[in-house]
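*Asks:* I'd like to ask you about the structure that follows.
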Amino acid sequence: MDNSKIFNEAYPELLSRIKPMDLSQKLNILGIQKQGSLFIFNFFNQKLVFDGNDFFNISGADLTPAVKVVLCTYILKSPEKELENDGKLVTFREFSNAGPLFSRFTENTAKIIQTSFSNHLETLGTRCLKLGGTILTNHSYSLSVRFRALPKIPIILNFNDVDDLMPANAGFLYRDTADTYLDLQCLTITCTYLTGLLIQNF
Numbered sequence: 042m043d044n045s046k047i048f049n050e051a052y053p054e055l056l057s058r059i060k061p062m063d064l065s066q067k068l069n070i071l072g073i074q075k076q077g078s079l080f081i082f083n084f085f086n087q088k089l090v091f092d093g094n095d096f097f098n099i100s101g102a103d104l105t106p107a108v109k110v111v112l113c114t115y116i117l118k119s120p121e122k123e124l125e126n127d128g129k130l131v132t133f134r135e136f137s138n139a140g141p142l143f144s145r146f147t148e149n150t151a152k153i154i155q156t157s158f159s160n161h162l163e164t165l166g167t168r169c170l171k172l173g174g175t176i177l178t179n180h181s182y183s184l185s186v187r188f189r190a191l192p193k194i195p196i197i198l199n200f201n202d203v204d205d206l207m208p209a210n211a212g213f214l215y216r217d218t219a220d221t222y223l224d225l226q227c228l229t230i231t232c233t234y235l236t237g238l239l240i241q242n243f
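For the sequence shown, my numbering assigns the number 243 to the last residue and increments by one with no breaks.
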């Protein structure tokens with residue numbers, strides 16, 4: 042069974058659990074906004090909307106089942122009150138039970154970034170900025186960028202370009218509180234989605 046079919050089958054049940062919820066009670070916990078009857082989620086610099094019946098892009102375009110599942114999970118797993126701090130930075134592998142998923146996670150994210158943007162540092166930086174990324178000062182890397190997958194899910198991409206001694210290298214960091222809001226599968230989707238945006242039409 043391919044992933045798209047899995048997400049297509051999972052979404053209706055998740056949506057049925059969200060529809061009765063009063064999301065206006067979770068605005069601060071989720072970091073979302075309410076405009077009339079609509080709830081606005083910022084997802085990698087895109088505004089996504091929940092109208093009580095479905096999720097869609099603010100332009101009205103439909104979303105992939107995987108993104109809809111991420112949004113549902115973000116709501117359903119969210120804590121009862123705001124967390125007191127953002128937590129420390131960790132790799133995906135450091136989350137509990139992430140080991141079996143780590144190899145596939147790396148293949149679908151960091152390795153693609155390394156291969157695609159080796160010797161293309163400036164292009165990577167430009168694409169990161171277009172996706173709402175914030176360039177960080179980190180002298181350990183050629184480029185360090187913070188993205189917002191969702192308001193409470195920052196992701197940092199660290200990238201070292203190829204040089205005379207080493208090939209290009211990339212890695213992603215989350216806050217260790219990220220699994221309070223998303224399960225491991227959804228965390229992998231966020232980075233896979235970001236990777237897809239970065240290499241789109243490249």
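Here a beta-carbon is modelled for each residue, glycine too, at the ideal position from N, C-alpha and C. Please read all numbers here as calculations on a predicted model, not as lab measurements.
Mapping DSSP to helix, strand and coil, what is residue 203?
*Replies:* Start at 1 with the first residue of the sequence shown, and residue 203 comes out as number 162. In this structure, residue 203 counts as coil in the three-state DSSP scheme.
*Asks:* What would DSSP say about residue 53, mapped onto helix, strand or coil?
*Replies:* Walking along the sequence shown from the start, residue 53 turns up at place 12. In this structure, residue 53 counts as helix in the three-state DSSP scheme.
*Asks:* Hey, residue 106 and residue 45 are a contact pair by Cβ (cut 8 Å); roughly how many whole angstroms apart?
*Replies:* Mapped onto the sequence shown, residue 106 falls at position 65. Mapped onto the sequence shown, residue 45 falls at position 4. 6 Å between Cβ atoms; contact.
*Asks:* Taking all protein chains shown into account, decide if residue 146 is buried (16 or more other Cβ within 10 angstroms of its Cβ) or exposed.
*Replies:* Looking up residue 146 in the sequence shown gives position 105. By the 10 Å Cβ count, residue 146 comes out buried.
*Asks:* Distance check for residue 84 and residue 39, CA to CA, integer angstroms please.
*Replies:* The shown model of the chain, from 42 to 243, leaves out residue 39, and the question about it has no answer.
*Asks:* Starting from residue 210, trace the beta strand (DSSP E) in both directions and tell me its first and last residue.
*Replies:* Numbered from 1 along the sequence shown, position 169 holds the residue referred to as residue 210. For residue 210, the enclosing beta strand (DSSP E) starts and ends at 210 to 216.
*Asks:* Give a yes or no on contact between the region 221 to 238 and the region 100 to 114, applying the rule of three or more CB pairs nearer than 8 Å.
*Replies:* yes
*Asks:* Just to confirm before moving on: does the CB-CB distance between residue 209 and residue 150 stay below 9 Å?
*Replies:* Stepping through the sequence shown from its first residue, residue 209 is reached at position 168. Stepping through the sequence shown from its first residue, residue 150 is reached at position 109. For residue 209 and residue 150, no; Cβs fall outside 9 Å.
*Asks:* On a CA-only basis, which of 239, 123, 187 and 47 is nearest residue 158? Give me that one, please.
*Replies:* If you number the sequence shown from 1, residue 158 lands on position 117. Ranking 239, 123, 187 and 47 by Cα distance to residue 158 puts 239 first.
*Asks:* So, helix, strand or coil for residue 162, using DSSP?
*Replies:* As a position in the sequence shown, residue 162 is number 121, starting the count at 1. In the structure shown, residue 162 sits in a helix (DSSP, three-state: H, G or I).
*Asks:* Please state whether DSSP places residue 243 in a helix, a strand or coil.
*Replies:* Start at 1 with the first residue of the sequence shown, and residue 243 comes out as number 202. If DSSP states are grouped into helix, strand and coil, residue 243 belongs with coil.
*Asks:* Roughly how far, in whole angstroms, is the beta-carbon of residue 178 from the beta-carbon of residue 187, given that I think they are within contact range, below 8 Å?
*Replies:* Working through the sequence shown from its first residue, we reach residue 178 at position 137. Working through the sequence shown from its first residue, we reach residue 187 at position 146. No, residue 178 and residue 187 are not in contact; Cβ-Cβ is about 11 Å, not under 8 Å.
*Asks:* Which value, in whole angstroms, describes the spacing of the CA atoms of residue 97 and residue 171?
*Replies:* Walking along the sequence shown from the start, residue 97 turns up at place 56. Walking along the sequence shown from the start, residue 171 turns up at place 130. Approximately 21 Å, taken between the alpha carbons.
*Asks:* Under a Cβ-count criterion, where at least 16 other Cβ atoms within 10 Å of its own Cβ denotes burial, should residue 220 be classed as buried or exposed?
*Replies:* Reading the sequence shown from its first residue, position 179 is the one you call residue 220. Around the beta carbon of residue 220, a 10 Å sphere encloses 16 or more other beta carbons of the protein chains shown; the residue is thus reported as buried.
*Asks:* Could you round the C-beta distance between residue 162 and residue 204 to whole angstroms and report it? I think they count as a contact, below 8 Å.
*Replies:* Position 121 of the sequence shown holds residue 162. Position 163 of the sequence shown holds residue 204. At roughly 11 Å, the Cβ-Cβ gap does not stay under 8 Å, so residue 162 and residue 204 are not in contact.
*Asks:* Do residue 55 and residue 37 count as a contact pair if the criterion is CB distance below 9 Å?
*Replies:* No statement about residue 37 is possible, as the shown extent of the chain runs from 42 to 243 and does not include it.
*Asks:* If you reduce the DSSP assignment to three classes, tell me which class residue 65 lands in.
*Replies:* As a position in the sequence shown, residue 65 is number 24, starting the count at 1. In the structure shown, residue 65 sits in a helix (DSSP, three-state: H, G or I).
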